[in-house]
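Read the structure below first, then the notes.
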Ligand code: DGL
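Residue numbers (this note's numbering): 50 to 304.
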């Protein structure tokens with residue numbers, strides 16, 4: 050019979066709805082798990098806040114999830130991972146899994162052109178990203194994208210306003226297309242189609258699958274992977290009911 054730990058839920062959080070792109074992957078790869086996804090909509094965006102602010106918000110959400118009995122925490126947000134993963138791991142004993150901007154896989158596609166890496170200002174400034182750049186940063190153009198996650202928060206993944214925003218953001222890169230694009234923010238995964246329209250044929254790489262593989266590995270290592278159970282998802286938000294509706298919609302969306 051499964052122990053209580055195996056049956057306990059996995060807590061996952063993001064500043065808003067973006068982390069649902071990680072959840073979608075997790076539900077596919079770990080169908081026996083119960084997930085509680087918490088979107089900190091009220092405090093979004095995290096990407097333009099200081100490290101201290103994001104650390105304090107992340108700690109608060111992680112503790113809520115632990116109070117609900119989470120056996121592991123997934124920080125489904127690059128910005129919060131950068132600001133808080135190390136600190137939270139030092140504070141708590143349960144597995145804490147974070148995101149990593151996919152600079153390493155993108156570097157394999159780098160030849161004589163460049164890789165365009167999209168992330169929040171907070172992620173790009175953070176120590177984790179800077180360390181990754183030292184290892185895999187050859188030919189990488191880092192582009193902070195303040196204002197971009199807000200479209201996903203409004204449920205806009207293909208609107209004229211979004212395309213106007215992307216036109217301006219990507220104008221300097223249009224004449225010389227990159228060899229690969231890193232989606233270094235979990236919100237941007239929902240904008241894949243819109244971004245691809247500006248860079249036809251360019252591979253878009255995110256870190257979602259790698260994070261879920263890491264989660265599975267950590268659960269196996271501790272002997273707390275749920276197998277043979279009926280999995281499920283529960284959504285929570287510090288915002289309003291509309292935010293939860295959007296999370297449900299995005300979980301079932303193709304892109
Ligand atoms: N989804 C978050 C990330 O992966 C950031 C969005 C934000 O709150 O700025 O970085």
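Built from N, CA and C at the ideal position, the CB exists for glycine as well. A quick note: this is a predicted structure, and the numbers were derived from the prediction, not measured.
Between residue 88 and residue 116, the CB-CB gap reaches or exceeds 8 angstroms.
With a threshold of 7 angstroms, the Cβ atom of residue 63 counts as near ligand 1, since some heavy atom of the ligand is closer than that. Out of 143, 269, 237 and 216, the CA that lies nearest to the CA of residue 197 is found in 237.
With a cut-off of 8 angstroms on Cβ pairs, the segment 158-174 is in contact with the segment 222-241, counting three or more such pairs.
Secondary structure at residue 259: helix, using DSSP grouped into helix, strand and coil. 8 angstroms or more divides the Cβ of residue 213 from the Cβ of residue 90. Membership of residue 179 in the alpha helix (DSSP H) is indicated by the continuous run 176-185. Here residue 55 is buried. Its C-beta has 16 or more other C-beta atoms within 10 Å. When the alpha-carbon of residue 188 is set against those of 83, 195 and 155, the nearest one is in 155.
In terms of CA proximity to residue 255, 229 leads the group 229, 80, 279 and 145. Shown here, residue 160 sits in coil according to DSSP, grouped into three states, outside any helix or strand. Closest by C-alpha distance to residue 72, out of 97, 112 and 126, is 126. For residue 285, the closest of 271, 296, 108 and 157 by C-alpha to C-alpha distance is 296. Each of 163, 119 and 301 was checked against the Cα of residue 185, and the nearest Cα belongs to 163.
As a beta-bridge residue in DSSP terms, residue 193 pairs with 168. Inclusion of residue 85 and residue 57 in the CB contact set at 8 angstroms is not warranted, their separation being larger than that value.
Using a C-beta cut-off of 8 angstroms, the segment 73-84 makes contact with the segment 273-281, since at least three inter-stretch Cβ pairs fall below that distance. Apart from the 5 residues on each side of it in sequence, residue 113 sits with its Cβ closer than 7 angstroms to the Cβ of 87 in its chain, given in chain order. Counting only unbroken stretches of 4 or more residues, the alpha helix (DSSP H) elements lying wholly within the segment 204-242 are 209-219, in sequence order.
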